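Novice:
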Amino acid sequence: MAILIEEIHLPQIGDEQLKLLERLSNACAVSGDEGEVRKIVLEEVRPHADEVKVDALGNVMATKHGSGERPLRVMLAAHMDEVGLMVTYDVGDGIYRFDTVGGVSTSDLPAKAIWVGKDHIPGVIGLKPLHLGNSDEHKKPVDLDDLRIDVGPVSGKVKVGDRATFATVFIRQGPSLRGKALDNRLGVATLIELVKHAPPQIELQAAFTVQEEIASRGARVAAFSFNPDMAIILDSTPAYDLPVWDVDENVRYNSRLGAGPAIYVADSGTLYDPRLVRYLIETAEAHGIPYQIRQPGGGGTDAGVIHKQRIGVPSVSVSVPGRYHHSPAAIVRLSDWQHTMDLVATALFYLTPKILDGER
Amino acid sequence: MKSLIQKLVETPGPSGYEAQIRSVVRAEIEPYADELQVDALGNLIARKGKGGAGGIKIMLAAHIDEIGVMVTQVDEKGFVRFTTLGGVRPYTCVSGRVRFLNGTSGVIFMEPLDDMTKVPTFEQLYIDLGLSGNQDAPVKVGDVAVFERPFLDLGERLVAKSMDDRIGAAVLVETLRLIKDTPHQLFFVFSTQEEVGLRGATTAAFGIDPDLGLSVDVTGSGDTPRRTKVRMEVSLGKGPAIKVRDGGMLADRRVVDWMIRGAEKLGLPYQMEILEGGTTDARAMQLTRAGVPAGCLSIPTRYIHSPSEMVDFNDVQQAVQLLVELVSHPVKL
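Read top to bottom, the protein sequences are chains A and B.
-8 is the number of the first residue of the first sequence in our numbering; add one for each residue after it.
-12 is the number of the first residue of the second sequence in our numbering; add one for each residue after it.
Written out as structure tokens, the structure reads:
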């Protein structure tokens, strides 16, 4: 449902959008195996986009044409994949060795409940038994070699190559949302809404990308194919904003919950185009939308490969802040998601080719 | 040429924020270029020569960005935490001075360490702007600064921050000024964001699609005290260096030979260069589209990525002479 504010139809987050996010969060789509999320995305955007295709890598590329002779080509990217695990060796008896896919910390793994394969077979990650009574073993960091996936003797259901994710069921808790893969199902859900409410004057090139978590492989080819004039990347960024107990002030929070969409100035892969950063900040301030500047340095988004495609693409990234990304459950504030949606939708509504006037 | 070099090294232009240095360069080359454009990543591209029979497309690249720092946090007391743009090292920062693009100046220092004989990490460094608190702080998260140190003319040797790669930019500006005739289509690219991963050159090379790529950048030298671990033949004052390989590129053998022939024809001194670490825009050019024969003309430099980089002025002038010679005649690879 959209609410009319002046002439803008700002997408509102209601039950429908929360249900969509729930489906997306509960779906299992580890890098390289994004089918479950792709299916949902295609169902949602097909009725609204002018053109939809799935490219060789599995990116969903949806276009909403713009009016006029040469509308501004705006690529919006949101990655469909999540970090997870891959089964590598059948030890027998329902026990498997595995590897991580994307940035998963091994210390997040022991004793976690997981779902394996496209049938979401429930399993547990077990730690090889430590020698009883030897306290030194407990102090070592957890090694992938000491961990096993245990699904019990369900013969034939799990194969080498199957992906696995944390077995976290999405819930809403008052002002917060908790689920797995909110990095980047939030971006996917946001982009779906933006396709449904695309403003008429721009050529909206929506790329639901694959394999971002393993170095943005999908976005690279999607950007080459779309050949846009500019790009806005929707992702999630960590909030390390719990109080730090041993020093006076937390100066490395990256982003904060409740402070609104996090606009990127710089990360390890991209120095964002100052014209686009300025435009987002001015849009937020003109419309009273809260925002924050994500702390520069570290991390990266699909922008890292998109801005270097062909002759270069002016780019900016915007993220919903979240605590505990890449772990079994992340926490985000509903208000941050709504404000992120407001900011990008408003920015697109007022976007003209003038944004690229002048030199970067 | 010394005043050109001074003007270029003293103009700020950290990676990603090259507008000021770009307009200084533009003012220098405008009278000499056939065509000028600025692309999506801020590269300044000047074309000289129409090409035609016997000519090829040559891309010459020198990067106008320099290493710098970016604010990550202004704390309650007004001390500024920062992240780096490009290969900055903590030991070149402590007690150094920085200047932000908005003119604010500050000092970098470090928290007291448990072991004061060790090198601090970046998390232990901060910028002191001399404030009494963070009300009305003159800088905010995302603002950028460069290291501040004036140009020093020691006669034969010149010292400044950002010799990397304003000295290369100076060589390109002078070359463009001095060329009388060329059979080629020359693209002088004053590239951006080299220090963070050759990003400007990547997209500029895609757009130009050259037949040959040559970068002009600094390289290290092996002529300072006690260099026992990593030996390097290259020395200041022995002529410009012809790069054979570095950490990211094996120069095209034909390009290396072409450069040697040019130097020998003019009787110029030159050195063969192998750099164990680091790379240049030439790597990006080499890997563009279906591939480009590429090489690099290097200016031997001491103390790279410190606020006091040192070059030999004769090496620089000889590099200009060599480059003018190379691009003024047909190329036979």
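In this text, a Cβ means the ideal position worked out from N, Cα and C, and glycines have one as well.
Keep in mind that this is a model prediction, so the values were computed, not measured.
If we call anything under 7 Å between Cβ atoms a contact, is Leu76/A one with Leu138/A?
Specialist: No, Cβ-Cβ distance for Leu76/A and Leu138/A is not below 7 Å.
Novice: Looking at the secondary structure, which residues open and close the alpha helix (DSSP H) in which Leu168/A lies?
Specialist: Leu168/A -> not in any alpha helix (DSSP H); beta strand (DSSP E) instead, spanning Ser167 to Gly170.
Novice: Output the distance between the C-alpha atoms of Val74/A and Pro191/A, rounded to the nearest integer angstrom.
Specialist: Cα to Cα, the separation comes out at about 35 Å.
Novice: I'd like the list of long-range same chain contacts for Leu(-5)/A, defined as Cβ closer than 7 Å, with 5 residues on each side in sequence excluded.
Specialist: Bear in mind that a pLDDT of 43 at Leu(-5)/A, under 50, signals an unreliable position, so the number given afterwards is only what the model happens to contain. Result list for Leu(-5)/A: empty, nothing under 7 Å.
Novice: Can you give, in chain order, each stretch of the beta strand (DSSP E) that sits fully within the stretch -12 to 29 of chain B and has at least 3 residues?
Specialist: Runs found: 22 to 25.
Novice: Measure from the alpha carbon of Asp174/A to the alpha carbon of each residue in Ala338/A, Met221/A and Glu13/A, then state which is nearest.
Specialist: Closest by alpha carbon: Glu13/A.
Novice: Any chance the CB of Val(-4)/B is under 6 Å from a heavy atom of the ligand SAH?
Specialist: What this structure holds is no ligand at all, so the ligand SAH is not there to describe.
Novice: Which residue comes first and which comes last in the alpha helix (DSSP H) that contains Gln273/B?
Specialist: Asp268 to Gln273 is the extent of the alpha helix (DSSP H) around Gln273/B.
Novice: Residues of chain B with CB closer than 8 Å to the CB of Ala257/A, please, in chain order.
Specialist: Near Ala257/A (Cβ distances below 8 Å), the residues of chain B are Gly3, Met57, Thr70, Leu72 and Gly129.
Novice: According to a CB-to-CB cut-off of less than 7 Å, which residues of the stretch 251 to 268 of chain B neighbour chain A?
Specialist: The stretch 251 to 268 of chain B vs chain A, Cβ under 7 Å: nothing.
Novice: By the criterion of Cβ-Cβ separation under 8 Å, what are the contact partners of Val126/B in chain A?
Specialist: The contacting residues do not exist; Val126/B stays about 12 Å from chain A at best.
Novice: Measure how close the beta-carbons of Ser216/A and Asp46/A come, nearest whole angstrom, since I'm counting them as under 8 Å.
Specialist: With a Cβ gap of about 6 Å, Ser216/A and Asp46/A count as contacting.
Novice: With the cut-off set at 7 Å, would you say Ile154/B and Val307/B are in Cβ contact?
Specialist: Against a cut-off of 7 Å, the Cβ pair of Val307/B and Ile154/B comes out as no contact.
Novice: To the nearest angstrom, report how far apart Glu203/A and Thr292/A are at their CA atoms.
Specialist: Their backbone Cα atoms lie some 7 Å apart in a straight line.
Novice: Using the rule of at least 16 other Cβ atoms within 10 Å of the residue's Cβ for burial, across every protein chain shown, is Ile223/A buried or exposed?
Specialist: Classification for Ile223/A: buried.
Novice: Under three-state DSSP, which class holds Met97/B?
Specialist: Strand at Met97/B.
Novice: With a threshold of 7 Å between beta-carbons, can Gln24/B be considered close to chain C, or not?
Specialist: No chain C is part of this structure, whose protein chains are labelled A and B.
Novice: Can you give the Cα-Cα distance for Arg218/B and Thr211/B, rounded to whole angstroms?
Specialist: Roughly 10 Å separates the two Cα atoms.
Novice: Could you tell me the distance, in whole angstroms, from the CA atom of Phe340/A to the CA atom of His0/A?
Specialist: Cα-Cα distance, rounded: 9 Å.
Novice: Checking 7 Å against the spacing of the C-beta atoms, do Ser259/A and Gly289/A come in under that value?
Specialist: Taking 7 Å as the Cβ cut-off, Ser259/A and Gly289/A qualify as a contacting pair.
Novice: Alpha carbon to alpha carbon, how far is Met(-8)/A from His278/A?
Specialist: The pLDDT assigned to Met(-8)/A is 42, lower than 50, so where the model puts this residue is not dependable, and the model offers no usable value.
Novice: Quick one: what does DSSP say His330/A is sitting in, helix, strand or coil?
Specialist: The answer is helix: DSSP assigns His330/A an H, G or I state.
Novice: Kindly give me the distance between the Cβ atoms of Leu182/A and Leu225/A, rounded to whole angstroms, as I take these residues to be in contact under 8 Å.
Specialist: Contact holds; Cβ gap of about 6 Å.
Novice: Looking only at DSSP bridge pairs, what is Cys283/B linked to?
Specialist: DSSP, once it has assigned bridges, lists Ser202/B as partnering Cys283/B.
Novice: Would you mind working out which of Asp333/A, Ile346/A, Ala213/A and Val95/A sits nearest Val21/A, comparing C-alpha positions?
Specialist: For the residues Asp333/A, Ile346/A, Ala213/A and Val95/A, the minimum Cα distance to Val21/A belongs to Val95/A.
Novice: Tell me the DSSP secondary structure of Ile114/B in three-state form.
Specialist: Strand at Ile114/B.
Novice: Below 7 Å between beta carbons is the criterion; list the residues of the stretch 186 to 200 of chain B that meet it against any residue of chain A, in chain order.
Specialist: Taking 7 Å as the Cβ-Cβ cut-off against chain A, the residues of the stretch 186 to 200 of chain B that qualify are Arg186, Thr189, Thr190, Phe193 and Gly194.
Novice: Quick check: Gly209/A and Asn50/A, are their CB atoms within less than 7 Å of each other?
Specialist: Yes, these two residues count as a Cβ contact at 7 Å.
Novice: Can you name, in chain order, every residue of its own chain whose Cβ lies under 6 Å from the Cβ of Thr179/B, other than the five neighbours on each side?
Specialist: Answer for Thr179/B: Glu5, Leu28, Gly29, Asn30, Asp52 and Gly187, listed in chain order.
Novice: Are the stretch 153 to 163 of chain A and the stretch 18 to 34 of chain A in contact at 8 Å, needing three or more beta carbon pairs?
Specialist: Yes: the two stretches touch, three or more of their Cβ pairs being nearer than 8 Å.
Novice: Residues in the same chain with beta-carbon distance under 7 Å from Asp264/A, minus the five sequence neighbours each way, listed in chain order, please.
Specialist: Excluding residues within five positions, the ones whose Cβ falls inside 7 Å are Pro305, Ser306, Val307 and Arg351.
Novice: I'd like the ranges of any alpha helix (DSSP H) spanning at least 4 consecutive residues and lying wholly in the stretch 113 to 165 of chain A.
Specialist: Taking only runs of at least 4 residues, the alpha helix (DSSP H) segments lying wholly in the stretch 113 to 165 of chain A are 126 to 130.
Novice: Ends of the alpha helix (DSSP H) at Asp302/B?
Specialist: Run containing Asp302/B: Phe300 to Ser315, per the alpha helix (DSSP H) assignment.
Novice: Roughly how many whole angstroms lie between the Cα atoms of Gly234/B and Glu260/B?
Specialist: Spanning the two alpha carbons is a distance of roughly 12 Å.
Novice: Using a Cβ cut-off of 8 Å, pull out every chain B residue sitting near Pro287/A, in sequence order please.
Specialist: By Cβ distance, chain B contributes Met57, Val58, Thr59, Thr70, Val128 and Gly129.
Novice: Can you give me the Cβ contacts of Ser92/B inside the same chain, cut-off strictly under 8 Å, excluding the 5 residues immediately before and after it?
Specialist: These residues qualify, in order along the chain: Arg84, Val85, Arg86, Leu116 and Glu135.
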